[in-house]
Amino acid sequence: MKVFVTGGAGYIGTHTLLQLLAAGHELCVFDNFSNASPVALTRVRQLSNRDFAQVEGDIRDAGALHRALADFAPDAVIHFAGLKAVGESNEKPLLYYENNVTGSVNLLAAMDAAGCRRIVFSSSATVYGEAQYLPFDEDHPIAPTNPYGRTKAMVEGVIADWTKATPNASAVLLRYFNPVGAHESGRIGEDPRDIPNNLMPFVAQVAVGRREKLSIFGDDYDTRDGTGERDYIHVVDLAAAHLAALAYSARATGCEAINVGTGQSITVKELVAAYEAACGHAISAYIAPRRSGDVASSYAATAKAEQLLKWRAELNVNDMCASSWLWQSDNPNGYPIDVSARRR
Ligand code: NAD
Ligand code: UD1
Numbered sequence: 000m001k002v003f004v005t006g007g008a009g010y011i012g013t014h015t016l017l018q019l020l021a022a023g024h025e026l027c028v029f030d031n032f033s034n035a036s037p038v039a040l041t042r043v044r045q046l047s048n049r050d051f052a053q054v055e056g057d058i059r060d061a062g063a064l065h066r067a068l069a070d071f072a073p074d075a076v077i078h079f080a081g082l083k084a085v086g087e088s089n090e091k092p093l094l095y096y097e098n099n100v101t102g103s104v105n106l107l108a109a110m111d112a113a114g115c116r117r118i119v120f121s122s123s124a125t126v127y128g129e130a131q132y133l134p135f136d137e138d139h140p141i142a143p144t145n146p147y148g149r150t151k152a153m154v155e156g157v158i159a160d161w162t163k164a165t166p167n168a169s170a171v172l173l174r175y176f177n178p179v180g181a182h183e184s185g186r187i188g189e190d191p192r193d194i195p196n197n198l199m200p201f202v203a204q205v206a207v208g209r210r211e212k213l214s215i216f217g218d219d220y221d222t223r224d225g226t227g228e229r230d231y232i233h234v235v236d237l238a239a240a241h242l243a244a245l246a247y248s249a250r251a252t253g254c255e256a257i258n259v260g261t262g263q264s265i266t267v268k269e270l271v272a273a274y275e276a277a278c279g280h281a282i283s284a285y286i287a288p289r290r291s292g293d294v295a296s297s298y299a300a301t302a303k304a305e306q307l308l309k310w311r312a313e314l315n316v317n318d319m320c321a322s323s324w325l326w327q328s329d330n331p332n333g334y335p336i337d338v339s340a341r342r343r
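Per numbering that gives the first Met the number 0, residue 0 is the first one in the sequence shown, and the count goes up by one each step.
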């Protein structure tokens with residue numbers, strides 16, 4: 000199958016490319032490298048021993064998207080491209096609406112023009128907002144608490160409307176919980192450009208000596224040990240969910256939102272302990288005040304993914320920490336800067 004992958008050079012994109020290539024799909028990656036390194040795509044080629052088309056372009060540029068889709072004529076699109084930093088979205092909401100919402104509208108219009116009617120979209124569990132009950136199932140009310148989350152909820156709505164108006168269209172909105180970990184080779188992984196916002200990359204940078212200590216944001220939550228609980232999902236399992244969603248979209252029409260998580264919660268202290276076991280030394284941490292906007296617990300109901308996608312997570316927290324540590328210790332400063340790896 001021909002698959003057009005926006006944002007394919009990023010963290011989740013690169014892990015998904017490897018599985019798509021292994022399954023024999025023909026790919027075109029469309030990325031503006033605003034939060035990714037071209038070296039990541041070079042490594043995907045090396046690891047897979049396969050090649051694919053690559054277009055450096057911005058989803059806000061409707062003309063560039065139209066040309067790329069018309070040239071490649073895909074059977075399906077996987078849409079990862081987007082900005083994802085909650086704090087930045089509070090400071091620059093219009094940038095987020097333009098990039099994530101306008102960019103997605105442009106993409107659907109270009110798909111229409113190219114006759115492509117299948118899309119898998121990277122949504123987020125953040126669309127649920129504060130938990131009214133747990134685990135979050137897909138019928139939980141949608142009430143995001145920040146501009147980033149609102150862009151995801153808005154794009155879900157746009158795609159649902161597009162699906163209704165487009166004969167035979169098929170869309171899968173994957174609501175990721177907390178993606179972590181790296182490929183087993185240690186050659187690709189998460190490479191935050193600034194100070195990491197998320198727990199796992201921060202822990203990884205403390206473990207490798209890039210940062211002094213971890214702030215644990217609150218130990219007075221109503222959880223097992225007082226620290227926040229999340230549903231961490233191995234990025235390799237998450238990548239597999241995209242292949243399952245593509246297969247589903249070939250046998251079904253309409254629009255479905257589907258959680259992608261393990262259904263298990265892990266506290267901050269439990270994750271730190273697992274990371275210490277993986278890296279073999281203590282991780283310096285102290286208890287800091289709660290982070291504003293944080294919830295105590297978040298984890299997924301997984302029945303819909305199992306039923307519709309025939310997919311479930313296989314890897315556990317030890318696999319997540321071990322693979323993250325392999326990536327981080329082999330690449331302490333992330334991907335090297337190599338502009339020559341960029342090609343059109
Ligand atoms: P990432 O930043 O590593 O990847 C996003 C990719 O999109 C990058 O390669 C970036 O250069 C590209 N991109 C951004 N804006 C673009 C634009 N205007 N035009 C073309 N390319 C553009 O992030 P990721 O963690 O791989 O996340 C992928 C998707 O999954 C995002 O949409 C994100 O919001 C969503 N998501 C991520 C998480 C997470 O914790 N990582 C959780 C839920 C949802
Ligand atoms: C954050 C985002 C959410 C996004 C998700 C995945 C916020 C408020 N929410 O969620 O919108 O979908 O990332 O990208 O930013 N923690 C620490 N110390 C740290 C970092 C985190 O103790 O340095 C704790 C947090 O308080 C939380 C847990 O670790 O309990 C996980 O945090 P994080 O990785 O940022 O994910 P979320 O809070 O789920």
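Every residue gets a Cβ at the ideal spot worked out from N, C-alpha and C, and that includes glycine.
Can you give me the C-alpha to C-alpha distance between aspartate 136 and alanine 302, rounded to a whole angstrom? 9 Å
Just list the beta strand (DSSP E) runs in the region 182-264, keeping only unbroken ones of 3 residues or longer that don't cross its boundaries, in chain order. Runs of the beta strand (DSSP E) lying entirely within the region 182-264 and spanning at least 3 residues, in chain order: 213-216, 231-233 and 253-259.
List, from N- to C-terminal side, the beta strand (DSSP E) runs of 3 residues or more that fit wholly inside the region 80-167. Counting whole runs of 3 or more residues, the region 80-167 contains the beta strand (DSSP E) stretches 117-123.
Determine which residues share a DSSP beta bridge with asparagine 177 and list them. Tyr231
Based on Cα-Cα distance, which residue from Asn332, Leu107 and Val205 lies nearest to arginine 116? Leu107
Roughly how many whole angstroms lie between the Cα atoms of threonine 15 and alanine 238? 4 Å
If I measure Cβ to Cβ from alanine 287 and keep anything under 7 Å in the same chain, skipping five residues before and after, which residues do I get? Ser214, Ile215 and Phe216
Run through the DSSP bridge pairs and tell me what tyrosine 274 is partnered with. BP columns for tyrosine 274 are empty, so no partner.
Would you report the Cα separation of asparagine 48 and leucine 17, rounded to the nearest angstrom? When rounded, the distance between both Cα atoms is 10 Å.
Between isoleucine 158 and asparagine 105, which are expected to be in contact by the criterion C-beta below 8 Å, what is the C-beta distance as a whole number of angstroms? Isoleucine 158 to asparagine 105, Cβ: 13 Å. No contact.
In this structure, does DSSP put lysine 1 in helix, strand or coil? strand
Valine 54 by DSSP, collapsed to three states: which one? strand
Could you check whether the region 223-243 touches the region 305-325, counting it as contact only if at least three pairs of C-beta atoms, one from each stretch, sit closer than 8 Å? Result yes; three or more Cβ-Cβ pairs closer than 8 Å.
Quick one: is histidine 280 buried, meaning 16 or more other Cβ sit within 10 Å of its Cβ, or exposed? The residue is exposed, with fewer than 16 neighbouring Cβ atoms inside 10 Å.
Label leucine 245 either buried or exposed according to how many other C-beta atoms from any shown protein chain fall within 10 Å of its C-beta, with 16 as the threshold for buried. buried
Contact criterion: CB-CB distance below 8 Å. Does histidine 24 meet it with respect to chain C? Given the protein chain composition of this structure (a single chain), no chain C is represented.
By DSSP, does tyrosine 334 sit in helix, in strand, or in coil? coil
Close beta carbons around aspartate 10, own chain, < 6 Å, minus the five adjacent residues each side: It should be pointed out that residue 10 corresponds to tyrosine in this sequence rather than to aspartate. Cβ neighbours of tyrosine 10 beyond the five flanking positions: Glu189.
Cβ pair valine 38, proline 335 closer than 8 Å: Cβ distance < 8 Å, so valine 38 and proline 335 count as in contact.
So which of Leu93, Tyr96 and Gly102 has the shortest CA-CA distance to phenylalanine 79? Gly102
From what residue to what residue does the alpha helix (DSSP H) around tyrosine 10 run? 10-21
So is arginine 186 buried or exposed if we call it buried at 16+ other beta carbons inside 10 Å? It is buried - the Cβ of arginine 186 has at least 16 other Cβ atoms within 10 Å.
Would you list the residues sitting across from aspartate 60 in a DSSP beta bridge? Aspartate 60 pairs with nothing; no bridge assigned.
Buried or exposed (CB count within 10 angstroms, at least 16 for buried), tyrosine 388: With the chain covering only 0 through 343, there is no way to say anything about residue 388.
Taking aspartate 293 as the reference, give the member of Leu308, Ala112 and Gly227 with the closest Cα. Closest option to aspartate 293, Cα to Cα, is Gly227.
Cβ atoms of glycine 12 and valine 2: under 8 Å apart, would you say? No, they are not a contact pair.
DSSP three-state call for glutamate 305: helix, strand or coil? In this structure, glutamate 305 counts as helix in the three-state DSSP scheme.
Once DSSP output is grouped into helix, strand and coil, what is the label at phenylalanine 71? helix
Separation of alanine 272 from tyrosine 175, as counted between CA atoms: 24 Å
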